[in-house]
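Residue numbers (our numbering), protein chains in the order written: chain U, 1 to 317; chain L, 318 to 634; chain R, 635 to 951; chain D, 952 to 1268; chain C, 1269 to 1585; chain B, 1586 to 1902.
Built from N, CA and C at the ideal position, the CB exists for glycine as well.
Just so it is clear, the structure is predicted and the values come from calculations on it, not from any experiment.
Protein chains: 6
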Amino acid sequence: MSDLVTFGETMLRLSAPQGERLERTEELEVYVGGAESNTAIAAERLGAVSTWLSALPDSPLGRRVASELRSHGIDTEIAWTEDGRQGLYFLEHGGEPRGTNVIYDRDDAPIASVGADQFDPTVFEDARLFYTSGITPALSEQARDTTYHLLQGAREAGLRTAMDVNYRSKLWTPEEANATLTKLFPALDVLFVAIRDAREVLGYEGNPTELANHLIAEYDLQTVVVTRGEHGALAIHDGVVHEHDVYEAETYDPIGTGDAFVGAFLARRLSGDDVGRALEYAAATASYKRTIAGDVASVTKEEVEALIESGAEDVSR
Amino acid sequence: MSDLVTFGETMLRLSAPQGERLERTEELEVYVGGAESNTAIAAERLGAVSTWLSALPDSPLGRRVASELRSHGIDTEIAWTEDGRQGLYFLEHGGEPRGTNVIYDRDDAPIASVGADQFDPTVFEDARLFYTSGITPALSEQARDTTYHLLQGAREAGLRTAMDVNYRSKLWTPEEANATLTKLFPALDVLFVAIRDAREVLGYEGNPTELANHLIAEYDLQTVVVTRGEHGALAIHDGVVHEHDVYEAETYDPIGTGDAFVGAFLARRLSGDDVGRALEYAAATASYKRTIAGDVASVTKEEVEALIESGAEDVSR
Amino acid sequence: MSDLVTFGETMLRLSAPQGERLERTEELEVYVGGAESNTAIAAERLGAVSTWLSALPDSPLGRRVASELRSHGIDTEIAWTEDGRQGLYFLEHGGEPRGTNVIYDRDDAPIASVGADQFDPTVFEDARLFYTSGITPALSEQARDTTYHLLQGAREAGLRTAMDVNYRSKLWTPEEANATLTKLFPALDVLFVAIRDAREVLGYEGNPTELANHLIAEYDLQTVVVTRGEHGALAIHDGVVHEHDVYEAETYDPIGTGDAFVGAFLARRLSGDDVGRALEYAAATASYKRTIAGDVASVTKEEVEALIESGAEDVSR
Amino acid sequence: MSDLVTFGETMLRLSAPQGERLERTEELEVYVGGAESNTAIAAERLGAVSTWLSALPDSPLGRRVASELRSHGIDTEIAWTEDGRQGLYFLEHGGEPRGTNVIYDRDDAPIASVGADQFDPTVFEDARLFYTSGITPALSEQARDTTYHLLQGAREAGLRTAMDVNYRSKLWTPEEANATLTKLFPALDVLFVAIRDAREVLGYEGNPTELANHLIAEYDLQTVVVTRGEHGALAIHDGVVHEHDVYEAETYDPIGTGDAFVGAFLARRLSGDDVGRALEYAAATASYKRTIAGDVASVTKEEVEALIESGAEDVSR
Amino acid sequence: MSDLVTFGETMLRLSAPQGERLERTEELEVYVGGAESNTAIAAERLGAVSTWLSALPDSPLGRRVASELRSHGIDTEIAWTEDGRQGLYFLEHGGEPRGTNVIYDRDDAPIASVGADQFDPTVFEDARLFYTSGITPALSEQARDTTYHLLQGAREAGLRTAMDVNYRSKLWTPEEANATLTKLFPALDVLFVAIRDAREVLGYEGNPTELANHLIAEYDLQTVVVTRGEHGALAIHDGVVHEHDVYEAETYDPIGTGDAFVGAFLARRLSGDDVGRALEYAAATASYKRTIAGDVASVTKEEVEALIESGAEDVSR
Amino acid sequence: MSDLVTFGETMLRLSAPQGERLERTEELEVYVGGAESNTAIAAERLGAVSTWLSALPDSPLGRRVASELRSHGIDTEIAWTEDGRQGLYFLEHGGEPRGTNVIYDRDDAPIASVGADQFDPTVFEDARLFYTSGITPALSEQARDTTYHLLQGAREAGLRTAMDVNYRSKLWTPEEANATLTKLFPALDVLFVAIRDAREVLGYEGNPTELANHLIAEYDLQTVVVTRGEHGALAIHDGVVHEHDVYEAETYDPIGTGDAFVGAFLARRLSGDDVGRALEYAAATASYKRTIAGDVASVTKEEVEALIESGAEDVSR
């Protein structure tokens, strides 16, 4: 009886402490992160009841992931497996010019071989929205099929559907991504896409408004949200363009900013807010996230609303 | 739709690191602990579906407690309050002769003023067992009343009821404890009592068997479990005496050992195991707990069963 | 035989590490802080001999506070109590927009019920200046009375007196603060007030100079120092206006900046420096404080003087 | 120009801190360990010049392994690969009954596909002894072939050869191990075997002496060392039986104890010590290792000799 | 106006964390320790008012030492120097057979060149007992002279005098120690000596009673206390022999155990307790110290008395 | 058979954690740093085979230094000594105005008394470049002589020679530095000098180009590199002027930036790059270093080249 159902992989993130290098560190900090669970948590914190579907190995590491997600109050529907390993990623943060660097170590994770039929068929009952990211179908052929079947199943059960393109060059080429994702887009109601991905993967030219209108027209989408990094975001819904700047933030940890944005947007849409208002929450939640260690936006709705009210928005435009 | 419903206070525990003194430490480790939530977690891990009823302040500290409990998979039914402070306790471990020392800082916590009517009345629906400890009625007059009403409500809803005496000399005198607890005993089916408490609070003489038989007779109890520290435990149920030694353990953190024992016992009884088998699980879970930092028995059923099978039981008897 | 005697509450501060949230942290860093002890330490380090009057629980936590203060060389005159709890505050730092957030947990601390007669009556002998902040009378009615009696006692013993308004909205309303503080002002020689507090609590309009002159006139004060955040500070003494900019600082921990300012100012005045020179020390000490973890300005007089000489003052004016 | 050349996999070990569980920890300690590199380091520290042959991914994690090994002074001859992942293992220590638990995550590591021809053919020049463990041929069919070819190559180059059976039930069955290892034994001069492995994998009955004599006879070995856990070790060489007790140790970290034993034994044999003297060094180094965090015996020859001289040997026999 | 005045060197101790080796550690824990300041702190905590005389470099490291000592409430009378370096010692703890190992790095510390005339001559006014250890005269010729002059000065000012032989083989030979110390003994009232030092340095044979009587006779001492490690201690005073066993302790950190013993003994003697009672406090404080990280016995008098009352004394005799 | 041979002192660096003061910290982070070994490591990482000549005490602390350097792959040629202490320096980082402060504790380190004849005379065989810094001859008269003899020896063996002036005011006066260094300059081919040192120590006026030309003319140098802090660097070689800006960096740890610059420059010159290209590598490596904790540029050649290609150069000019 969730508002939001998400599907995707969640990894353990092992990070070198501030200033240190992965090559030299004697200690790794453990976090839990994945695009869809990050999104589910942000949505839960902004008022939606969320469920996360996934597969995990039945090991201390797999249980670590599940318990962290549950601690944020989201429901978990997990296909536990005897085989497969817990997906990991190693992360090193550095000031510029070093920046943030990621090493994926996620091969052979259970999600790569999970089938849609391994989940409780009643999971979509009474739910209202299904979400996954463009990372999931990049994980394996099976993951692609499962994504496809879950999207279909969600629609058949009367749910709306949403996806964030989230292109990851370490997982596939732009051409592969394009071929797969464009087959999934017709099953979507809401699409989030970074302008950089729209150009690199989808091959769209033009400004964000043109790009969003293109997507709406080509795939019969209800809402398209184009994010533009520090230049804010733009949404088109019912033919109306909504824009919002980013809120200035001192970044402690940039990972998960986009997922915080998506989760807050979806939660507020589910609660009945209009697209413009949902964009405000999304931008404020994303900004708050940047100050917090780890992948997850551990915020409260009250904090996000206080930020919106204080108007600390970057008015550089 | 839980097997087990528990009610009681859960505190943040702030511990000095190994070797350090509270008076000098520059760092405190944060744990979450309370007799009833420790019990609920142990029960959940041994196979029961558990719910924890309590009151918490709506603050980062209160949410810290809730999220930790949820991470273990238990359901929470919380009366969130604007007023009141998060109960704390400070802890220092030392080798002998220093031992473990606790400073309670739990006055004015929300549980002291919560009423039974602040909880969802359907919480007992489909549940099978209600548990609280003798700590809860020691917290305030209101807490005593609420304990009483929840015990009555549970019985009316058809649940079995259980309590661990858990006498805390920093909260009340033996006489106060006696006066209050003996009024609650008639509402119980299962009673756990440490032999030391039976003597100090209840005034019973005699060996554990005599003591358990006394309690069964006097309060019409179904099961009485008498724990005897390192000398193992004894249970009487249906007139049959069951005994079990402790499993030897190298103690890293003794806090929560008794709760682990109770939680495992109740979970296995709820699953249909007989009293003797439940005592085995209880003893093994308690032993495992002693090796783990914090108040909570983060074990798996498989680990506990492996210990039972390996027979590492202390056969000093 | 101190130069400076201060009176007020000192708490344990429990802070989440950098980047972490109180709601999620597994570790708290322990610091010791209170407006008057912070001030006493800054004064001691800038050359004054300082004493701190207060009440503490006779517990490891209370002793923690006392030992930390003594480590900086200040004398302590403490009413140790069997009852009452150690005042705490929880702190979380975040980059913008998260900022610094504080949860007070200081109810029922011994200072709230301490009487002026509980201190050694000779404490003012040979002393030259008494200082407290506007936080102390906000703690309880008794604390207000005690503040009043100590101020009177200090004057009768021939000491000068000083106060920093230090309005705390989590303790009382502007109206309550106004009613209480304006009764204490006539007993003062030196008043420090942030311009924001002057407006919100005292209801003064006008620029800092007008405001300071108003206060001098209304309460027959000898010196008024108006602090203006990043815009520097202004003092009026003997009809002469002194101004000083802030020294630029990369802020690691902003807590205690104002107390460092006050402590340095008072120490240098006690040593015979004129108001303008004292403002330089105050500004430099405050700036140095911002780079140091914790509430306390662990500086040396040499460091502060090196900063003054290097002229790293922000010359934006 | 090494005395000792070893071949095998070295992993990153990620350990939960003392008292913590892998399922709950927020921090992992990073160590580097592998049977053959542990052995090479112990040998180097006891006086041998050692080289380690292996394959590693050219990533920060692979470089972490190499740099740690070099820090102990051993030479590395590494086949760096673009593909493959750094082998990991997760470790949790607990007091009894929890004990030490290991999760291997070493599939697809480069060593599983490295060929003997990928190493510099001159690596055996001037070397005197080649060592690998029974873990290496368990990793893959290719690893088995490479082990075989390196053993042959070593012998052709005039080196002695040594192996420790080191049976790992998480890698293969006793039958598989038996089938593979008994094909390698004829290429050996020196064999180390734990009595438990001798029984489980090799199927030998009888006491250690009988067992060692069997092995010498069957595989024409020069030296066989049978280790018996806390009951010490026995070696047969030139028909002479040498025995040595363990030195008592308070175990902080048991991992790598056997490798420390082997490394010290081989180093002292290479330096010309007789088998009895080498057993003394082996036992003392192994004992010292148990007190040190991590997989590696960071000892000095002087420390080991001081232990031998102090005679702290457990003389329970 | 102290009860007890002590003189000696206090170092910064830099320790490798548990399990780690100095050769490999990436982190050092900072403690403050020196025989005489350890003794002064134990005495202060057991009820004596204590002063510590010494010399320190005027640097952050020197100030670190002073502030730590003051935090325990002792007064410091320090000759601050521009030259000289802060004495350090590096420490590594390991389980057996590794044990505790110390590297001194204390050459050129200011105490080695401080003269008795650099201290405030009024420091002995109203004081009752002067204490130093046999380490101080080992530091330099000047330190020996200063020790001699302070002992004489103390006696002239009417103080009793006490010394613990505390032989350190890393500082001087038994012959050197003998030559120096026996010249100082005639200036003493109370002498503490470990039986091992009595034999190695003083050349005494015989049992502890004979040894103590010898010393009393030869140097006209009032009290001699002979410590015998785990076999307890023996004191002779006014011809009466007092003996006391050790209290069993799980040792976390053995450093400073002897100083805790001496400080408690002296404090209780100063408070009027007889020698037998003072031995009880000494033994209990020493036992408590073993459970605490660092060199210092951070105990309360109440804790020590609770231990004495609980009678947890090892009654192996 | 190294490309680069360096000679100089390497110390243990003991740093207070971020935000903390040396005077108050309870923990010190251990790093290893010295101008010449920092340079050797940077060179090794940029492609040169490097050897470091020095003297160290044969103690855990001395071995700590050696093992850290070896972990980066450089060869060590060490004169191990029984006497002498490991050189240390204590470091505290703070934001402005606190800045970075260093306390040297390096007196009596073995390098101060090592002679050139204590090194293996074959160390220059097949080597191509010898490097030391202007710190080394400041350490002692003997160190000055040894520096001189190694420079001569290197030239006689056919090596090029290089030096960075690296003036340290805590070691000697500008006049002393001038007198010593100008005697060494004639033995150099390549000289690095910060413009500030050129003015303070060498007394040169004029712009960087004039200054470099002066040096070339006066000492018959082949290459002079003048570094100008945030204003980039200028090199003159064969009469051609090369300039390069700094790459912008968020500084986590500034120590070792200059050594990273020198090491990269030399490595690329040794590999055949021209001076302009070598300056690019030097600037990029220095920038990368600023983001990394510790004294050492733990970079890869690929990272440095990626930075050069991305053109993130500060184009403020």
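Taking its Cβ as the centre, do 16 or more other Cβ atoms sit within 10 Å of Q152/U, making it buried, or is it exposed? For the purposes of this step, residue 152/U is taken as residue 152 along the first sequence, with counting starting at 1. By the 10 Å Cβ count, Q152/U comes out exposed.
Below 9 angstroms on C-beta distance, what does G411/L contact in chain C? As a first step, residue 411/L is located in the second sequence; it is residue number 94 there, counting from the start. Correct list: E1518, Y1520, Y1556, T1559 and I1560.
Which value, in whole angstroms, describes the spacing of the CA atoms of L973/D and V1469/C? Looking up residue 973/D in the fourth sequence gives position 22. Looking up residue 1469/C in the fifth sequence gives position 201. Going by the C-alpha atoms only, they are around 52 angstroms apart.
So within the stretch 368 to 445 of chain L, which uninterrupted beta strand (DSSP E) runs reach at least 3 residues, ignoring any that extend past its ends? 392 to 398, 405 to 409 and 418 to 422
Using 8 angstroms as the limit for Cβ to Cβ distance, is L1599/B near chain C? For the purposes of this step, residue 1599/B is identified with residue 14 of the sixth sequence, where counting begins at 1. It does: the Cβ of L1599/B has a partner Cβ on chain C nearer than 8 angstroms.
Which of the three DSSP states, helix, strand or coil, is assigned to S1091/D? Mapped onto the fourth sequence, residue 1091/D falls at position 140. Looking at S1091/D - three-state DSSP - the assignment turns out to be coil, as it is neither helix nor strand.
Can you find a CB in chain R that lies within less than 8 angstroms of the CB of R513/L? Here residue 513/L is taken as the residue at index 196 of the second sequence, counted from 1. Not one chain R Cβ lies under 8 angstroms of R513/L.
Got a sec: is the Cβ-Cβ distance from E661/R to anything in chain U below 8 angstroms? Your numbering for residue 661/R matches position 27 in the third sequence. False, the Cβ-Cβ gap to chain U never drops below 8 angstroms.
Would you mind telling me which residues of chain R sit closer than 9 angstroms to E1608/B, beta carbon to beta carbon, in chain order? Locating residue 1608/B in the sixth sequence gives position 23, counting from the first residue. Simply S932 and T934.
Can you tell me where the beta strand (DSSP E) with A1200/D in it begins and where it stops? Numbered from 1 along the fourth sequence, position 249 holds the residue referred to as residue 1200/D. No beta strand (DSSP E) holds A1200/D; DSSP gives it neither H nor E.
What residues in its chain sit with their C-beta under 7 angstroms from that of S298/U, if we drop five residues either side in the sequence? Within the first sequence, the letter at position 298 stands for residue 298/U. Correct list, in chain order: I292.
In chain order, which continuous runs of the alpha helix (DSSP H) of length 4 or greater are located wholly inside the stretch 876 to 934 of chain R? 891 to 904 and 909 to 923
Distance CB(M11/U)-CB(G87/U) smaller than 8 angstroms: If you number the first sequence from 1, residue 11/U lands on position 11. If you number the first sequence from 1, residue 87/U lands on position 87. Their beta carbons are under 8 angstroms apart, which means M11/U touches G87/U by this criterion.
Is any beta-carbon of chain C found at less than 8 angstroms from that of G546/L? On the second sequence, position 229 is the one that residue 546/L refers to. With 8 angstroms as the cut-off, G546/L does not count as an interface residue toward chain C.
Let me confirm a value: R1537/C is counted as buried when at least 16 other C-beta atoms fall within 10 Å, else exposed. Which label applies? One-based indexing of the fifth sequence puts residue 1537/C at position 269. Looking at its Cβ environment, which holds 16 or more other Cβ atoms inside 10 Å, R1537/C is buried.
Extent of the continuous alpha helix (DSSP H) to which E344/L belongs: For the purposes of this step, residue 344/L is taken as residue 27 along the second sequence, with counting starting at 1. Run containing E344/L: none in the alpha helix (DSSP H); it sits in the beta strand (DSSP E), E344 to G350.
Quick one: does E1785/B have its CB under 8 angstroms from some CB of chain R? Counting from 1 along the sixth sequence, the entry for residue 1785/B is found at position 200. Chain R contact via Cβ: absent.
How long is the line joining the alpha carbons of D259/U and A372/L, rounded to whole angstroms? Here the question's residue 259/U lines up with position 259 in the first sequence. Here the question's residue 372/L lines up with position 55 in the second sequence. Straight-line Cα distance between these residues: approximately 32 angstroms.
I need the straight-line Cα distance from T257/U to E9/U, nearest angstrom please. The count along the first sequence starts at 1 and reaches residue 257/U at position 257. The count along the first sequence starts at 1 and reaches residue 9/U at position 9. Distance between the alpha carbons of T257/U and E9/U: 17 angstroms.
Please say whether G350/L and G611/L have beta carbons closer to each other than 8 angstroms? Residue numbering aside, residue 611/L sits at position 294 when the second sequence is read from its first letter. Residue numbering aside, residue 350/L sits at position 33 when the second sequence is read from its first letter. Yes, Cβ-Cβ distance for G611/L and G350/L is below 8 angstroms.
Grab the span of the alpha helix (DSSP H) containing D1269/D for me, first residue to last. The requested residue 1269/D is not part of the displayed model; chain D covers only 952 to 1268.
Buried or exposed (CB count within 10 angstroms, at least 16 for buried), E947/R: Locating residue 947/R in the third sequence gives position 313, where the first residue counts as 1. Confidence at E947/R is low in this model, with a pLDDT of 49, below 50, so the placement of that residue is unreliable and no value is reported for it.
For G523/L, count the other beta carbons within 10 Å of its own beta carbon; 16 or more makes it buried, fewer makes it exposed. Which is it? In the second sequence, residue 523/L corresponds to position 206, counting from 1. Exposed: under 16 other Cβ atoms inside 10 Å.
Which residue's Cα is closest to the Cα of R1813/B: G1719/B, G1848/B, P1771/B and A1779/B? Locating residue 1813/B in the sixth sequence gives position 228, counting from the first residue. Ranking G1719/B, G1848/B, P1771/B and A1779/B by Cα distance to R1813/B puts A1779/B first.
Under DSSP, the alpha helix (DSSP H) around A828/R begins and ends at which residues? Reading the third sequence from its first residue, position 194 is the one you call residue 828/R. Premise fails: A828/R lies in the beta strand (DSSP E), V824 to A828, not in any alpha helix (DSSP H).
Let me know if A1168/D comes out buried or exposed under the rule of 16 or more other beta-carbons within 10 Å of its beta-carbon. Along the fourth sequence, read from residue 1 onward, the residue named residue 1168/D stands at position 217. A1168/D should be labelled exposed.
Just to confirm my understanding: we take L1547/C, look at its own chain, exclude 5 residues before and 5 after, and list those with CB closer than 8 angstroms. What are they? Counting from one through the fifth sequence, the residue named residue 1547/C turns up at place 279. If we look at L1547/C and ignore the five residues flanking it on each side, its Cβ neighbours are V1493, A1501, A1503, H1510, E1511, H1512 and F1533.
DSSP has H1822/B in a bridge; who is on the other side? Numbered from its first residue, the sixth sequence carries residue 1822/B at position 237. According to DSSP, H1822/B bridges with T1808/B and V1825/B.
Do V664/R and E408/L have their beta-carbon atoms positioned less than 8 angstroms apart in this structure? Translated into positions along the second sequence, residue 408/L becomes position 91. Translated into positions along the third sequence, residue 664/R becomes position 30. Residue identity differs from the one stated: residue 408/L is Leu in this sequence, not Glu. No, the pair does not count as a contact, with Cβ atoms beyond the cut-off.
Taking all protein chains shown into account, do 16 or more other C-beta atoms lie within 10 angstroms of the C-beta of K289/U, making it buried, or fewer, making it exposed? Locating residue 289/U in the first sequence gives position 289, where the first residue counts as 1. By the 10 Å Cβ count, K289/U comes out buried.
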